[in-house]
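Heads up: the structure comes next, in structure tokens.
Protein chains: 2
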Amino acid sequence: MLTIVVDAMGGDHAPACVIEGTVQALQESCNRFEIILIGQADKVEPLLVDYDVSALNLKFLHASEVVTMEDIPATAVKTKQNSSLVKGLQLCKAKKADAFVSAGNTGAQMAASLFVLGRLPGVLRPTIYAYFPRIKEGLTNIVDVGANVDCKPENLVQFAEMLTIYQRYGAGIDKPVTGLLNIGEEEGKGSEVLKQAYRLLKEADNRGIITFIGNIEGHDILKGNATIVVCDGLVGNTILKFGESIPEFLGTLFKRSLEKLLSSGQFTPDIAALTTRMFKGMFEPFDVEKFGGVPFLGVDGISIVGHGRSSSRAIKNMIYMAEHMIERRVNEHIAEILSEN
Amino acid sequence: MLTIVVDAMGGDHAPACVIEGTVQALQESCNRFEIILIGQADKVEPLLVDYDVSALNLKFLHASEVVTMEDIPATAVKTKQNSSLVKGLQLCKAKKADAFVSAGNTGAQMAASLFVLGRLPGVLRPTIYAYFPRIKEGLTNIVDVGANVDCKPENLVQFAEMLTIYQRYGAGIDKPVTGLLNIGEEEGKGSEVLKQAYRLLKEADNRGIITFIGNIEGHDILKGNATIVVCDGLVGNTILKFGESIPEFLGTLFKRSLEKLLSSGQFTPDIAALTTRMFKGMFEPFDVEKFGGVPFLGVDGISIVGHGRSSSRAIKNMIYMAEHMIERRVNEHIAEILSEN
Chain A
426 MLTIVVDAMG
436 GDHAPACVIE
446 GTVQALQESC
456 NRFEIILIGQ
466 ADKVEPLLVD
476 YDVSALNLKF
486 LHASEVVTME
496 DIPATAVKTK
506 QNSSLVKGLQ
516 LCKAKKADAF
526 VSAGNTGAQM
536 AASLFVLGRL
546 PGVLRPTIYA
556 YFPRIKEGLT
566 NIVDVGANVD
576 CKPENLVQFA
586 EMLTIYQRYG
596 AGIDKPVTGL
606 LNIGEEEGKG
616 SEVLKQAYRL
626 LKEADNRGII
636 TFIGNIEGHD
646 ILKGNATIVV
656 CDGLVGNTIL
666 KFGESIPEFL
676 GTLFKRSLEK
686 LLSSGQFTPD
696 IAALTTRMFK
706 GMFEPFDVEK
716 FGGVPFLGVD
726 GISIVGHGRS
736 SSRAIKNMIY
746 MAEHMIERRV
756 NEHIAEILSE
766 N
Chain B
426 MLTIVVDAMG
436 GDHAPACVIE
446 GTVQALQESC
456 NRFEIILIGQ
466 ADKVEPLLVD
476 YDVSALNLKF
486 LHASEVVTME
496 DIPATAVKTK
506 QNSSLVKGLQ
516 LCKAKKADAF
526 VSAGNTGAQM
536 AASLFVLGRL
546 PGVLRPTIYA
556 YFPRIKEGLT
566 NIVDVGANVD
576 CKPENLVQFA
586 EMLTIYQRYG
596 AGIDKPVTGL
606 LNIGEEEGKG
616 SEVLKQAYRL
626 LKEADNRGII
636 TFIGNIEGHD
646 ILKGNATIVV
656 CDGLVGNTIL
666 KFGESIPEFL
676 GTLFKRSLEK
686 LLSSGQFTPD
696 IAALTTRMFK
706 GMFEPFDVEK
716 FGGVPFLGVD
726 GISIVGHGRS
736 SSRAIKNMIY
746 MAEHMIERRV
756 NEHIAEILSE
766 N
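Chains as they are written, first to last, in our numbering: chain A, 426 to 766; chain B, 426 to 766.
In structure tokens form, the structure reads like this:
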């Protein structure tokens, strides 16, 4: 049976939401896996008594320290060896668990995952991706979204390779398609790094490792012709955070419009309620909680990172993502293909 | 009286839309300036007969060649010396006109403006910015949006300085505020270029040339705490094009929702019509046609560039933008402040 470590202390609503999501995952899956919940006993245990955990495959493990959102990643890993983050990852390293899940400090989790678990054979730099809505069915992944700010061409190519493997084996996408985010479609556009990346991506396509459709531009992301959008961490992080701010921005515009129409009598309260429900429904494609979180691609182990504001549903889905990564043997495929390169 | 050269051949709907916008500008402004419309006689003259131009301050000038959207910028400038683009800018250089306006090939206009007009004293690299909607009143400018892909820290600082001058003298913003687009708020985040740019922006703030609020992230753009968002051309171009694609993306989501609600009987056709009108109204902040286009900042002359899909209204407003740039003496202020630096 698989064992998944869940960081009880990670996330804006920890530990309450984490405990709730963990219990839900075990109940919903009928104890399909074992979960080790790790965190500060005085914070977690009083909340655990609210649940009937006797019938669940759940163990609790005390960790005296907590890595906070304010901690500096590289420092936190060294100075907080007794944190749920570091101890949880060490359980995976020692083969006492198969995966680690946290909605805490992303930078610290990246640093700790690299430090404790190391890199898969052949991997230059691990990376982190994000989900984006699209006009076409399904979702698009953008990589990198902040783990690697200055990228070399060979890094960008490996990101595309790793995500192609993830999409093929982990997400069941038959033919993942990679586009290189650039300022124009034509070959030869962009910085020196992008020009070289273009050539290397073409080579990887020729060798059958990826399917490369060339340069794409900002307006192509939501169209979804590429299932993988490759860029450096500065561009990806900016687009990701910009994208995340859109629903709130539009919500504000929506409210302003609605208030005007209500006060001028053009809308009745009934129509306003109907319209509001419709507006909320429109944003379902933006719901990334169904994935909960994403794995760090390229580390020698499974470390799933979630958004700080993760709900219990997101935590639950992160646990399923961990299970999925193990069962689909995504890391084994990455190691095999990248070390052959 | 000011003389503005308008490129009749620039834009997806040229020359018809350009002629219409030019006539509107002269009529609406009561011939406040003189316009030289430049382009191919056989394309323009048959359309001009539809208007009563005898009462307008309008001259037509023949240019036998056309720079198309497909032309490679650097090549077009050299091989198409008889184009409306090159001849129009040469009129400005020869002081026979005060400004040039086009909705044609942006890259070619940038190259031709640099080649024909040259740079203002003290300017390292001219730049181009774009407008973004925001929660707060007014609009935000992003700079650079594609003219400069690989930027040095000193380029980024000059973009902020030039746009501060433009906003202060050209747009009447009392206190332009600059943010540096980065992956995190804290000083020391991001690439080496961004770290150095941060220090130089702080210095420029200390010298009173700009007001710098530090690093901002992707989700801060639409909030509008900064009136100027500084980034390199790759990031800016991607965000700009991504942003431009949002209304269409949401329009598709909206239509899908509406069709479902109509077919399930939850919405009557009347309610659907009301909701559609409301939805369209929500996007008024995205209407950048009220500006028509933007000036290339840093060239020694006034060259206004518009979107390829510019309507006649956008062309009209680009002409007003040209007039504005001349009257507010934005270039003189840029030259004065940057050459003192």
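Backbone N, C-alpha and C fix where the C-beta goes; we use that ideal spot for every residue, glycine too.
For residue i, the first and last residue of its enclosing beta strand (DSSP E)
| i | result |
| --- | --- |
| residue 375 (chain A) | Residue 375 (chain A) lies beyond the range of chain A shown here (426 to 766); nothing can be said about it. |
| residue 629 (chain A) | From DSSP, residue 629 (chain A) is part of no beta strand (DSSP E) but of the alpha helix (DSSP H) over 617-631. |
| residue 603 (chain A) | 603-606 |
| residue 653 (chain B) | 653-655 |
| residue 718 (chain B) | 718-720 |
Range of the contiguous alpha helix (DSSP H) that encloses residue i
| i | result |
| --- | --- |
| residue 757 (chain A) | 755-765 |
| residue 709 (chain A) | That residue, residue 709 (chain A), is in no alpha helix (DSSP H); it is neither H nor E in DSSP. |
| residue 420 (chain A) | Chain A is shown from 426 up to 766; residue 420 (chain A) falls before or after that span and cannot be answered. |
| residue 446 (chain B) | 441-453 |
| residue 532 (chain A) | 531-542 |
| residue 742 (chain A) | 737-752 |
Anticipated Cβ contact below 8 Å, residue i with residue j, distance rounded
| i | j | result |
| --- | --- | --- |
| residue 548 (chain B) | residue 661 (chain B) | In fact, because the Cβ distance is near 18 Å, the residues do not count as touching under 8 Å. |
| residue 460 (chain A) | residue 497 (chain A) | Not a contact, Cβ separation roughly 29 Å. |
| residue 446 (chain A) | residue 738 (chain A) | 7 Å |
| residue 755 (chain B) | residue 595 (chain B) | 5 Å |
| residue 554 (chain B) | residue 588 (chain B) | 6 Å |
| residue 494 (chain B) | residue 731 (chain B) | Incorrect: roughly 13 Å between the Cβ atoms, too far for contact. |
| residue 444 (chain A) | residue 469 (chain A) | 7 Å |
| residue 721 (chain B) | residue 527 (chain B) | So it is not a contact: roughly 11 Å between Cβ atoms. |
| residue 728 (chain B) | residue 534 (chain B) | 6 Å |
| residue 670 (chain B) | residue 644 (chain A) | 4 Å |
| residue 566 (chain B) | residue 592 (chain B) | 7 Å |
| residue 508 (chain B) | residue 488 (chain B) | 6 Å |
| residue 647 (chain B) | residue 674 (chain A) | 4 Å |
| residue 706 (chain A) | residue 746 (chain A) | 25 Å between Cβ atoms; not a contact. |
Cutoff 7 Å; reference residue i; Cβ partners in own chain excluding five residues on either side
| i | result |
| --- | --- |
| residue 561 (chain B) | 649 |
| residue 573 (chain A) | 550, 552, 580, 657, 658 |
| residue 600 (chain B) | 636 |
| residue 578 (chain A) | 618, 621, 622, 625 |
| residue 615 (chain A) | 607, 608 |
| residue 541 (chain B) | 511, 514, 515, 518 |
| residue 714 (chain B) | 736, 738, 739, 742 |
| residue 627 (chain A) | 637 |
| residue 766 (chain B) | 547 |
| residue 768 (chain A) | Since the displayed chain A opens at 426 and closes at 766, residue 768 (chain A) lies outside it and no answer follows. |
Bridge-paired residues (DSSP) for residue i
| i | result |
| --- | --- |
| residue 525 (chain A) | A:430, A:728 |
| residue 508 (chain A) | A:490 |
| residue 567 (chain A) | A:555, A:654 |
| residue 498 (chain A) | None, per the DSSP bridge assignment. |
| residue 674 (chain B) | Residue 674 (chain B) pairs with nothing; no bridge assigned. |
| residue 461 (chain A) | A:430, A:484 |
| residue 634 (chain B) | DSSP output for residue 634 (chain B) lists no bridge partner at all. |
| residue 641 (chain A) | A:606 |
Own chain partners of residue i with C-beta closer than 6 Å, once the 5 adjacent residues on each side are dropped
| i | result |
| --- | --- |
| residue 686 (chain A) | 692 |
| residue 476 (chain B) | 448 |
| residue 704 (chain A) | 679 |
| residue 759 (chain A) | 545, 587, 590 |
| residue 750 (chain B) | 720, 727 |
Residue i Cβ short of 8 Å to the ligand HEM heavy atom set
| i | result |
| --- | --- |
| residue 747 (chain B) | Among the ligands in the structure shown, none appear at all, so the ligand HEM cannot be discussed. |
Cβ neighbours of residue i in the same chain (closer than 8 Å, five flanking residues each side left out)
| i | result |
| --- | --- |
| residue 694 (chain A) | 687 |
| residue 467 (chain B) | none |
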